[in-house]
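Q: Chains as they are written, first to last, in this note's numbering: chain C, 5 to 251; chain E, 5 to 251; chain R, 5 to 251; chain D, 5 to 251.
Dropping a structure here in structure tokens format, bear with me for questions.
4 protein chains.
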Amino acid sequence: MIKVTVWNENIHEKEEFYKDNLLKFYPKGIHNAIADFLNKDPEIEAKGVTLDMPSQGLPDEVLDNTDVLFWWAHAGHGQVEDSLVEKIHKRVLEGMGMVLLHSAHYSKIFRKLMGTTCSLRWRETEKDRERVWTIDYSHPIAEGLPDYFDIPGTEMYGEIFDIPQPDDIVFISWYAGGEVFRSGITYQRGKGKVFYFSPGHETFPIYNQAEVQKILTNAAKWAKPTTSTVRPMTTCIDVAKSPEWDK
Amino acid sequence: MIKVTVWNENIHEKEEFYKDNLLKFYPKGIHNAIADFLNKDPEIEAKGVTLDMPSQGLPDEVLDNTDVLFWWAHAGHGQVEDSLVEKIHKRVLEGMGMVLLHSAHYSKIFRKLMGTTCSLRWRETEKDRERVWTIDYSHPIAEGLPDYFDIPGTEMYGEIFDIPQPDDIVFISWYAGGEVFRSGITYQRGKGKVFYFSPGHETFPIYNQAEVQKILTNAAKWAKPTTSTVRPMTTCIDVAKSPEWDK
Amino acid sequence: MIKVTVWNENIHEKEEFYKDNLLKFYPKGIHNAIADFLNKDPEIEAKGVTLDMPSQGLPDEVLDNTDVLFWWAHAGHGQVEDSLVEKIHKRVLEGMGMVLLHSAHYSKIFRKLMGTTCSLRWRETEKDRERVWTIDYSHPIAEGLPDYFDIPGTEMYGEIFDIPQPDDIVFISWYAGGEVFRSGITYQRGKGKVFYFSPGHETFPIYNQAEVQKILTNAAKWAKPTTSTVRPMTTCIDVAKSPEWDK
Amino acid sequence: MIKVTVWNENIHEKEEFYKDNLLKFYPKGIHNAIADFLNKDPEIEAKGVTLDMPSQGLPDEVLDNTDVLFWWAHAGHGQVEDSLVEKIHKRVLEGMGMVLLHSAHYSKIFRKLMGTTCSLRWRETEKDRERVWTIDYSHPIAEGLPDYFDIPGTEMYGEIFDIPQPDDIVFISWYAGGEVFRSGITYQRGKGKVFYFSPGHETFPIYNQAEVQKILTNAAKWAKPTTSTVRPMTTCIDVAKSPEWDK
Chain C
5 MIKVTVWNEN IHEKEEFYKD NLLKFYPKGI HNAIADFLNK DPEIEAKGVT LDMPSQGLPD
65 EVLDNTDVLF WWAHAGHGQV EDSLVEKIHK RVLEGMGMVL LHSAHYSKIF RKLMGTTCSL
125 RWRETEKDRE RVWTIDYSHP IAEGLPDYFD IPGTEMYGEI FDIPQPDDIV FISWYAGGEV
185 FRSGITYQRG KGKVFYFSPG HETFPIYNQA EVQKILTNAA KWAKPTTSTV RPMTTCIDVA
245 KSPEWDK
Chain E
5 MIKVTVWNEN IHEKEEFYKD NLLKFYPKGI HNAIADFLNK DPEIEAKGVT LDMPSQGLPD
65 EVLDNTDVLF WWAHAGHGQV EDSLVEKIHK RVLEGMGMVL LHSAHYSKIF RKLMGTTCSL
125 RWRETEKDRE RVWTIDYSHP IAEGLPDYFD IPGTEMYGEI FDIPQPDDIV FISWYAGGEV
185 FRSGITYQRG KGKVFYFSPG HETFPIYNQA EVQKILTNAA KWAKPTTSTV RPMTTCIDVA
245 KSPEWDK
Chain R
5 MIKVTVWNEN IHEKEEFYKD NLLKFYPKGI HNAIADFLNK DPEIEAKGVT LDMPSQGLPD
65 EVLDNTDVLF WWAHAGHGQV EDSLVEKIHK RVLEGMGMVL LHSAHYSKIF RKLMGTTCSL
125 RWRETEKDRE RVWTIDYSHP IAEGLPDYFD IPGTEMYGEI FDIPQPDDIV FISWYAGGEV
185 FRSGITYQRG KGKVFYFSPG HETFPIYNQA EVQKILTNAA KWAKPTTSTV RPMTTCIDVA
245 KSPEWDK
Chain D
5 MIKVTVWNEN IHEKEEFYKD NLLKFYPKGI HNAIADFLNK DPEIEAKGVT LDMPSQGLPD
65 EVLDNTDVLF WWAHAGHGQV EDSLVEKIHK RVLEGMGMVL LHSAHYSKIF RKLMGTTCSL
125 RWRETEKDRE RVWTIDYSHP IAEGLPDYFD IPGTEMYGEI FDIPQPDDIV FISWYAGGEV
185 FRSGITYQRG KGKVFYFSPG HETFPIYNQA EVQKILTNAA KWAKPTTSTV RPMTTCIDVA
245 KSPEWDK
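So, in structure tokens, the structure goes:
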């Protein structure tokens with residue numbers, strides 16, 4: 005079983021403004037909505053945690069038992085403690101997979117993993133529509149996906165996206181307003197696999213779409229740690245004597 | 005089950021010169037030696053075929069039922085019919101995985117897939133030793149592999165290797181004679197996944213090493229086709245009318 | 005001086021149907037239009053050649069004196085002799101740069117360099133508009149370009165584009181009809197640098213746009229051969245004795 | 005003119021232990037040794053600065069007038085102020101090139117740009133020898149370099165090197181002791197180009213070798229900022245209204 009923890013800042017869920025849409029789409033919050041559809045896969049065991057829980061939702065016993073960490077965040081980036089960011093970063097480098105969603109492009113942990121600003125263009129209107137094109141069509145994360153699918157209501161996230169060149173560009177999005185975006189991208193960092201997927205604005209029921217659920221289920225499987233026996237990379241090692249010297 | 009076909013030119017197996025080593029290591033030929041260890045994995049169903057069989061070992065009913073094609077070749081590159089190369093190429097682009105071994109770097113099919121000469125340095129002596137370093141240590145093909153392992157006798161294959169920049173460099177080899185080589189590399193071509201692995205000279209029992217068997221078993225699993233529903237790429241398509249025009 | 009040869013099949017230029025637009029935009033043909041703006045750069049010396057010239061426009065004395073070859077083709081792919089394709093391929097691997105334009109994605113030489121079908125979606129209407137986004141904004145080919153620019157009339161070329169993963173994706177295009185396309189991409193093949201740029205349909209004055217001229221001028225400079233002293237890659241070499249053996 | 009600033013921690017230069025070798029090879033310190041050979045190129049204007057100068061050698065007026073920053077560091081990583089690291093990081097993302105040398109793989113700035121530990125294997129003996137192989141032989145940084153060159157005395161830096169997948173692997177090193185290393189690698193971060201080159205241990209006269217000087221001179225030219233007019237990436241921008249809405 006792949007143990008997935010879906011972390012959500014859970015801020016919009018408690019705001020008056022969002023009651024009419026976010027909670028209508030996701031009555032138990034975004035974290036539980038995502039965990040619920042992930043749990044439909046027999047290989048995945050997912051549960052939701054939130055920023056307002058003890059240890060910001062990620063005490064060591066949870067983090068150390070997480071194969072893949074999902075991360076939804078927007079308004080609360082600054083509230084996440086630096087010490088927690090350090091712990092997550094270390095876990096990714098040791099092999100924990102990470103799937104970052106929508107505004108998580110601007111989270112402390114994503115920016116730390118990338119080394120860039122992760123800035124982008126954005127626009128929030130009622131007119132934007134998004135079409136997600138499958139580019140890397142034999143990538144495990146694209147398994148079962150069609151050439152493209154539409155998201156009828158969306159927040160626009162557009163290029164230039166200030167990120168390192170991705171290892172793989174799985175999806176590129178088209179917007180009715182005239183923009184494009186590398187909306188599904190992968191990176192390896194240390195032993196950990198990282199996937200960023202941009203659709204998922206809080207005012208639209210995007211995580212209820214079958215294609216999005218398929219992508220994120222694929223991503224959980226793709227990002228699970230491999231069982232390489234390679235040494236931990238926590239420090240440089242002095243291999244003081246070469247076996248070659250005696251030959 | 006992943007259906008693997010291991011193709012071997014089966015030429016050295018029939019030459020007087022090689023009887024004392026190749027057949028000692030691989031009594032049933034290289035193809036069957038590889039198929040045998042692949043078959044130890046419960047997800048794989050492998051069988052060996054050879055150039056001297058009807059249809060050069062790959063009649064349509066075999067090729068069309070192959071998920072991953074392994075290819076060992078050296079002296080017989082020129083004997084492989086161009087029409088067969090075209091068929092294999094088409095199958096790779098449609099999704100069949102391909103694992104190319106040792107001198108197969110100079111096969112018609114690998115050069116066609118790469119678009120370059122695939123030339124390299126080489127040296128055949130009794131003194132060469134090879135150390136295979138795991139570089140991309142969370143790659144599925146590196147699963148279970150150590151930091152490095154040694155091949156006590158080997159033919160040297162050295163840089164500069166005239167290939168396109170690989171999608172992933174999984175292994176880099178060190179040679180006692182002073183060379184390095186990108187010895188385990190991946191490419192996507194169309195829907196097909198391609199892995200080239202250089203160790204495997206006919207005068208050394210390299211395919212009997214546990215690490216090599218692990219790598220090739222991993223490769224068979226990694227290279228199996230995904231079930232993307234994306235359209236075949238056999239031709240350009242005219243999408244004459246955009247759905248946007250009516251909005 | 006960078007010696008650029010702009011090859012054009014020069015077929016539409018002679019067809020009745022195109023007289024009202026192509027020749028209005030490019031009175032001396034596409035090849036000379038491109039050569040003319042390239043020649044405005046003091047480092048470039050460009051001239052146009054065509055399929056209907058002796059040796060299909062590329063006798064050895066021209067090809068051997070070309071630093072960067074531009075290639076515009078559409079209706080005449082099949083007329084280009086295989087022996088010429090082989091010569092060009094060899095020259096690219098030896099270091100000649102190559103810039104492939106628009107329908108040249110389906111030329112023999114591009115498909116040979118890529119190893120894939122290079123298929124794509126397309127649509128020819130009067131309604132399509134294209135917006136070219138700069139993605140790799142510090143790439144030499146993007147020098148001086150804005151975040152994006154518009155092409156008011158265009159033929160749509162859309163994903164999925166069946167190509168190997170590019171070394172660099174410099175531009176991604178947006179289309180009013182709902183598609184995206186990796187419209188400016190680079191590859192290294194042997195010692196040669198290859199750039200494909202999709203805008204340039206024969207019925208629109210795209211090569212007269214300042215941004216397109218800037219991109220292609222940048223591309224000519226980027227693709228010029230380096231003066232590496234590395235050995236030619238025409239064949240494998242047997243480095244029979246390692247200098248290490250005597251140490 | 006490309007304005008290069010060569011920063012050196014300048015610690016070993018002042019230690020008793022190193023007087024017999026480092027200062028014999030580089031009488032004015034490593035920074036001035038590097039600046040001196042860079043200055044032989046008519047396009048480059050280089051000067052050395054050190055950690056023990058005011059503002060740790062990089063007051064704003066110097067940093068803001070630097071096109072490419074070279075960085076040699078080993079014992080003093082911890083002494084570099086975090087605020088200076090932030091300034092350098094910002095300058096790189098804005099377009100300043102950066103060339104990191106030898107133990108600078110473990111500097112605060114390199115680790116911040118990479119997002120990984122940048123750990124590696126190492127060994128310091130009198131027996132190690134290094135052979136630097138040119139892999140990406142048409143890369144601008146490889147211009148004029150041979151297939152390989154030798155460094156007779158060296159500190160071993162070996163894989164696994166815990167870094168993100170490089171944009172380009174220009175050089176791979178072989179070591180007599182049995183290791184390999186991606187010794188010359190490039191990254192783009194924001195608008196800035198980054199090159200890491202591992203040879204350069206303080207107890208060997210490596211920067212006096214012609215090949216190394218050629219590589220670093222090439223790197224200075226390659227890493228100079230492009231003049232893209234693309235907007236600064238310091239923040240996300242709200243492009244509130246799409247021009248498409250009025251069409």
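The beta-carbon is built from N, C-alpha and C at its ideal position, and this holds for glycine as well.
Mind listing which residues of the stretch 159 to 184 of chain E have their C-beta closer than 7 Å to chain C's C-betas, in chain order?
A: For the stretch 159 to 184 of chain E, which is checked against every Cβ of chain C, not one residue is closer than 7 Å.
Q: Mind checking which residues open and close the beta strand (DSSP E) that includes L73 of chain D?
A: Residues V72 to W76.
Q: Are the stretch 76 to 96 of chain D and the stretch 175 to 187 of chain D touching by the rule of at least three beta carbon pairs closer than 8 Å?
A: No: fewer than three Cβ pairs fall under 8 Å.
Q: Report the option in C:G194, C:F208, C:I38 and C:M102 whose CA atom is closest to the CA atom of T239 of chain C.
A: If we check each option's Cα against that of T239 of chain C, C:G194 comes out closest.
Q: DSSP puts W137 of chain D in a beta bridge; with which residues?
A: Beta-bridge pairing links W137 of chain D to D:Y152 and D:I176.
Q: Considering only residues of the stretch 81 to 127 of chain R, which uninterrupted alpha helix (DSSP H) runs meet the minimum length of 4 residues and lie entirely inside it, listed in chain order?
A: List check, alpha helix (DSSP H) in window: 86 to 98 and 112 to 118.
Q: Locate the alpha helix (DSSP H) running through G33 of chain R, then write down its first and last residues.
A: Segment G33 to L42, the alpha helix (DSSP H) holding G33 of chain R.
Q: Closest to V103 of chain D by CA distance: which of D:K225, D:D242 and D:A244 is it?
A: Taking only the C-alpha atoms, the option nearest V103 of chain D is D:K225.
Q: Is the beta carbon of S111 of chain D closer than 7 Å to that of A4 of chain D?
A: With chain D covering 5 to 251 only, the question about residue 4 of chain D has no answer from this structure.
Q: Checking contacts by CB at 7 Å: is K225 of chain C closer than that to chain E?
A: Output row for K225 of chain C: interface = no.
Q: Under three-state DSSP, which class holds D242 of chain R?
A: In the structure shown, D242 of chain R sits in a strand (DSSP, three-state: E or B).
Q: Using C-beta distances below 7 Å, list every residue in its chain close to Q60 of chain D, excluding the 5 sequence neighbours before and after it, in chain order.
A: If we look at Q60 of chain D and ignore the five residues flanking it on each side, its Cβ neighbours are V84, E85 and L88.
Q: Can you find the residues in the same chain that come closer than 8 Å, C-beta to C-beta, to F165 of chain D, ignoring five residues on each side of it along the sequence?
A: For F165 of chain D, where only same-chain residues beyond five positions count, the Cβ hits under 8 Å are H109, C122, S123, L124, F185 and R186.
Q: Does DSSP put T54 of chain E in a helix, a strand or coil?
A: Three-state DSSP puts T54 of chain E in a strand.
Q: What residue range does the alpha helix (DSSP H) around K225 of chain R cover?
A: Taken as a continuous stretch (DSSP letters only), the alpha helix (DSSP H) holding K225 of chain R covers A214 to W226.
Q: For S187 of chain D, which of helix, strand or coil comes out of DSSP?
A: Correct three-state label for S187 of chain D: strand.
Q: Look up Q192 of chain E in the DSSP assignment and give the residues it is bridged to.
A: E:K197, per the DSSP bridge assignment.
Q: For W249 of chain C, does the count of other Cβ atoms within 10 angstroms reach 16, so buried, or fall short, so exposed?
A: Answer is exposed; the Cβ neighbour count stays below 16.
Q: Given a cut-off of 7 Å, decide if E134 of chain C and S107 of chain C are closer than it, judged by their beta-carbon atoms.
A: Cβ atoms of S107 of chain C and E134 of chain C: not closer than 7 Å.
Q: Measure how close the beta-carbons of I48 of chain C and M100 of chain C come, nearest whole angstrom, since I'm counting them as under 8 Å.
A: So it is not a contact: roughly 15 Å between Cβ atoms.
Q: Looking only at its own chain, which residues have a Cβ that is under 7 Å from the Cβ of E128 of chain R, when we skip the five neighbours before and after it?
A: The answer, listed in chain order, is E159.
Q: Taking Cβ-Cβ distances shorter than 7 Å, what residues in chain C pair up with W11 of chain R?
A: The contacting residues do not exist; W11 of chain R stays about 30 Å from chain C at best.
Q: Note down, in chain order, all residues in the stretch 119 to 143 of chain R with a beta-carbon under 8 Å from any beta-carbon belonging to chain C.
A: Answer in chain order: R135, W137, T138, I139, D140 and Y141.
Q: Whose CA, out of D:L55, D:L67, D:I92 and D:L73, lies closest to the CA of K18 of chain D?
A: Considering only alpha carbons, the answer is D:L55.
Q: Does the ligand GTP have even one heavy atom less than 6 Å from the beta-carbon of F74 of chain E?
A: As presented, the structure is devoid of all ligands, the ligand GTP included, so that no description of it is given.
Q: Thinking C-alpha only, which one of R:K245, R:E13 and R:G204 is nearest K131 of chain E?
A: Selected option, being the one with the closest Cα: R:K245.
Q: If you measure from the beta carbon of R193 of chain C to each beta carbon in chain D, is any gap under 7 Å?
A: Yes, because at least one Cβ of chain D sits closer than 7 Å to the Cβ of R193 of chain C.
Q: On the criterion of 16 or more Cβ atoms from any shown chain inside 10 Å, does F21 of chain R qualify as buried, or is it exposed?
A: F21 of chain R should be labelled exposed.
Q: Determine the chain D residues that contact D56 of chain E at a beta-carbon separation under 9 Å, and present them in chain order.
A: Per Cβ cutoff of 9 Å: no residues; D56 of chain E is ~38 Å from chain D at best.
Q: Could you check where the alpha helix (DSSP H) with K28 of chain R kicks off and where it finishes?
A: That run of the alpha helix (DSSP H) goes L26 to F29.
Q: Run through DSSP, which three-state label would E147 of chain C get?
A: Reduced to three states, the DSSP call for E147 of chain C is coil.
Q: Among residues of its own chain, excluding the 5 on either side of P168 of chain E, which ones have a beta-carbon nearer than 8 Å to its beta-carbon?
A: Excluding residues within five positions, the ones whose Cβ falls inside 8 Å are M118, G119, T120 and Y191.
Q: To which residues of the same chain is A39 of chain R closer than 6 Å at the C-beta, ignoring the five residues directly before and after it?
A: Cβ neighbours of A39 of chain R beyond the five flanking positions: V10, A50, K51 and G52.
Q: Mark E206 of chain D as exposed unless 16 or more other C-beta atoms lie within 10 angstroms of its C-beta, in which case mark it buried.
A: Looking at its Cβ environment, which holds 16 or more other Cβ atoms inside 10 Å, E206 of chain D is buried.
Q: What residues in its chain sit with their C-beta under 8 Å from that of W126 of chain C, if we drop five residues either side in the sequence?
A: Closer than 8 Å at the Cβ level, and outside the excluded window around W126 of chain C, lie E159, M160, Y161 and G162.
Q: For P144 of chain E and R95 of chain R, I'd like the C-alpha separation in whole angstroms.
A: One C-alpha to the other measures close to 37 Å.
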